[in-house]
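Student: This structure is in structure tokens; I'll ask about it shortly.
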Amino acid sequence: MDETLAAVLSYLPSPAVSSSAYLSSPFPAVSPGDDEEEDRVGRLPDAILRNIISRLPTKDAARTAVLSSRWRHLWTSIPLSLDDGAGGLAPTTAAAALASHPGPVRSTRLAASQDPEGVASVFASLAARGVEDLLVVVNGSWPVEWRVPSDVLGCAALGRLWIGLCQFPDTTGVAPALLSLQELGIVHSSVPDRDLHAVIPRCPVLETLAFALTQDYPRYVHIWSESLSCVVIWKSMLREVHLDDAPDVDRLLVEPIADAATHIKIIKAPKLKILGYFDVGLHQLKID
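Okay, so the sequence shown: first residue is 1 according to full-length UniProt numbering, each after it adds one.
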């Protein structure tokens, strides 16, 4: 795997679904005639069984269809979790997997090391199918040129969005509707100031905003948010961070990169308790 891609992936949060779980039982099989051979799990309501299946790795979730006729129809209706965090899946394969599954989409992790444009084909489908958790990394050229399609800004069910080695979606002529977004992470990516400031006010339940390894944009981060509680700036070259109106922010964590100074201005953040890794010889702090 490319070193840059590997480094960016190391900053991403864990997937919503475990990729190391196993469908097979660790216990010995029950011999015929034992009382335990009754399929008690299979007698659970469909809603509970769907929840169980949706938390399995996709390949194991699909295999439940062969367990019995009781399970067969469940797989096609559960929320799909597509995890290609290692970057080994071709975008066309990911698109085909989404097209073949009629149910909603819970979580998608895409790490394309080739054919960045092929990744774009999956976004319209994700927006229409209620994706809740989306992590996308596209290992193209630097400075990054590939832009995440604006379709993602219409994912009303999206609760977590992380992008790496990409440009943030263009907000020109678009009214972002990220009504459920709680966590936004930008890793080694470019986010024009105007796009960032267009999105944050449209995220009414956003709690965590994180930047890691950003180098060009954003340059100025101004926070107006009633819900945001944590802002992380990790080895990123931001010129200014202003807490203009952030009544719930209690943590502002700043880890500098090289000799890049950041001007921090706190205007309204009454709950701020932690201002971390602040280098008084490098950064500037102003409290109004």
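Cβ atoms here follow ideal geometry from the backbone N, Cα and C, with glycine treated the same way.
1) With distance defined between alpha-carbon atoms, name the residue in I266, I274, K273 nearest to D288.
2) Taking F211 as part of the beta strand (DSSP E), name the residues at either end of that continuous run.
3) On a CA-only basis, which of F123, V221, L206, D170 is nearest V241? Give me that one, please.
4) Grouping DSSP H, G and I as helix and E and B as strand, with all else coil, what is S25?
5) Run the proximity test for L275: is its beta-carbon closer than 7 angstroms to any non-hydrogen atom belonging to the ligand GTP?
6) Looking at the unbroken alpha helix (DSSP H) that takes in S69, where does it start and where does it end?
7) Could you tell me if Q167 is buried or exposed, where buried requires 16 or more neighbouring beta carbons within 10 angstroms of its beta carbon?
8) Sorted by chain position, which residues of the same chain lie with C-beta nearer than 8 angstroms to F278's C-beta, five sequence neighbours on each side aside?
9) Do the CB positions of A260 and I223 come within less than 8 angstroms of each other?
10) Provide the residue(s) that pair with R251 in DSSP beta bridges, ordered along the chain.
11) In whole angstroms, what separates the C-alpha of R50 from that of S107?
12) According to DSSP, is A111 part of a helix, a strand, or is it coil?
13) In the DSSP output, which residue or residues are listed as bridge partners for K286?
14) Between the C-alpha atoms of A127 and P192, what's the straight-line distance to the nearest angstrom?
15) Do R251 and S229 have their C-beta atoms within less than 8 angstroms of each other?
16) Consult DSSP for S236 and reduce its assignment to one of helix, strand or coil.
17) Have a look at P204, P79, W71, W146 and flag the residue whose alpha-carbon is nearest the alpha-carbon of G164.
18) Unbroken beta strand (DSSP E) runs of length 3 or more, entirely within the segment 143-189: which are they?
19) First and last residue of the alpha helix (DSSP H) that includes V205?
20) Since D216 contacts S190 with CB under 8 angstroms, what's their CB separation in whole angstroms?
21) From R160, W75, R129, R43, pick the residue whose C-alpha is nearest to that of R55; which is it?
22) State the Cα-Cα distance for the pair P104 and A258, rounded to the nearest angstrom.
23) Does the beta-carbon of S100 have 16 or more other beta-carbons within 10 angstroms, so that it is buried, or is it exposed?
24) To which residues of the same chain is A120 closer than 6 angstroms at the C-beta, ignoring the five residues directly before and after it?
25) Got a sec, what are the start and stop residues for the alpha helix (DSSP H) V199 sits in?
26) Would the beta-carbon of V199 fall within 8 angstroms of that of P176?
27) Of the choices P256, T208, K268, whose alpha-carbon is the least far from that of G281?
28) Take T172 as the anchor and find which of I53, D195, L82, P218 has the nearest alpha-carbon.
Tutor: Looking at the atomic coordinates:
1) Translated into the one-based positions of the sequence shown, residue 288 becomes position 288. D288 has its Cα closest to that of I266, out of I266, I274, K273.
2) Reading the sequence shown from its first residue, position 211 is the one you call residue 211. Its beta strand (DSSP E) spans residues 208-212.
3) To locate residue 241, count along the sequence shown from 1; it is residue 241. It is V221 whose Cα lies nearest to the Cα of V241.
4) Looking up residue 25 in the sequence shown gives position 25. Per-residue confidence for S25 stands at a pLDDT of 45, beneath the threshold of 50, marking its modelled position as unreliable; the derived number appears in the next sentence. Note: S25 maps to coil in three-state DSSP.
5) Of the ligands one can find in the structure shown there are none, so the ligand GTP has no counterpart to examine.
6) Counted from its first residue, the sequence shown places residue 69 at position 69. Start and end: 69-72.
7) As a first step, residue 167 is located in the sequence shown; it is residue number 167 there, counting from the start. Per the 10 Å Cβ criterion, buried.
8) Your numbering for residue 278 matches position 278 in the sequence shown. Contacts found: V254, I264, L285.
9) Along the sequence shown, read from residue 1 onward, the residue named residue 260 stands at position 260. Along the sequence shown, read from residue 1 onward, the residue named residue 223 stands at position 223. No. Outside cutoff.
10) Against the sequence shown, residue 251 aligns to sequence position 251. Bridge partners of R251: C230, I274.
11) By 1-based counting over the sequence shown, the position of residue 50 is 50. By 1-based counting over the sequence shown, the position of residue 107 is 107. Their Cα atoms are separated by approximately 15 angstroms.
12) Within the sequence shown, residue 111 is the residue found at index 111, counting from 1. The answer is strand: DSSP assigns A111 an E or B state.
13) Numbered from its first residue, the sequence shown carries residue 286 at position 286. Answer is K265.
14) Looking up residue 127 in the sequence shown gives position 127. Looking up residue 192 in the sequence shown gives position 192. A127 and P192 have their C-alpha atoms roughly 22 angstroms apart.
15) Indexing the sequence shown from 1 puts residue 251 at position 251. Indexing the sequence shown from 1 puts residue 229 at position 229. Note that the C-beta distance between R251 and S229 is below 8 angstroms.
16) Residue 236 sits at position 236 when you count from the first residue of the sequence shown. Residue state, collapsed to three classes: coil.
17) Here the question's residue 164 lines up with position 164 in the sequence shown. Residue W146 is the option with its Cα nearest to G164.
18) As far as the segment 143-189 is concerned, its whole beta strand (DSSP E) runs of at least 3 residues are 160-164, 183-187.
19) The residue labelled residue 205 in the question sits at position 205 within the sequence shown. Segment: none, V205 is in no alpha helix (DSSP H) and carries neither H nor E.
20) On the sequence shown, position 216 is the one that residue 216 refers to. On the sequence shown, position 190 is the one that residue 190 refers to. That pair is a contact at about 6 angstroms.
21) What you label residue 55 is simply residue 55 of the sequence shown in a count that begins at 1. Here the closest residue by C-alpha is W75.
22) Taking the sequence shown and counting its residues from 1, the one referred to as residue 104 is at position 104. Taking the sequence shown and counting its residues from 1, the one referred to as residue 258 is at position 258. Computed Cα separation, rounded: 44 angstroms.
23) For the purposes of this step, residue 100 is taken as residue 100 along the sequence shown, with counting starting at 1. That one is exposed.
24) Locating residue 120 in the sequence shown gives position 120, counting from the first residue. Excluding sequence neighbours, A120 sits near P149.
25) Mapped onto the sequence shown, residue 199 falls at position 199. V199 -> alpha helix (DSSP H) spans 193-199.
26) The residue given as residue 199 occupies position 199 in the sequence shown. The residue given as residue 176 occupies position 176 in the sequence shown. Taking 8 angstroms as the Cβ cut-off, V199 and P176 qualify as a contacting pair.
27) The sequence position of residue 281 within the sequence shown is 281, counting from 1. Considering only alpha carbons, the answer is P256.
28) Sequence index remark: in the sequence shown, residue 172 carries index 172 (1-based). Nearest option by C-alpha distance: D195.
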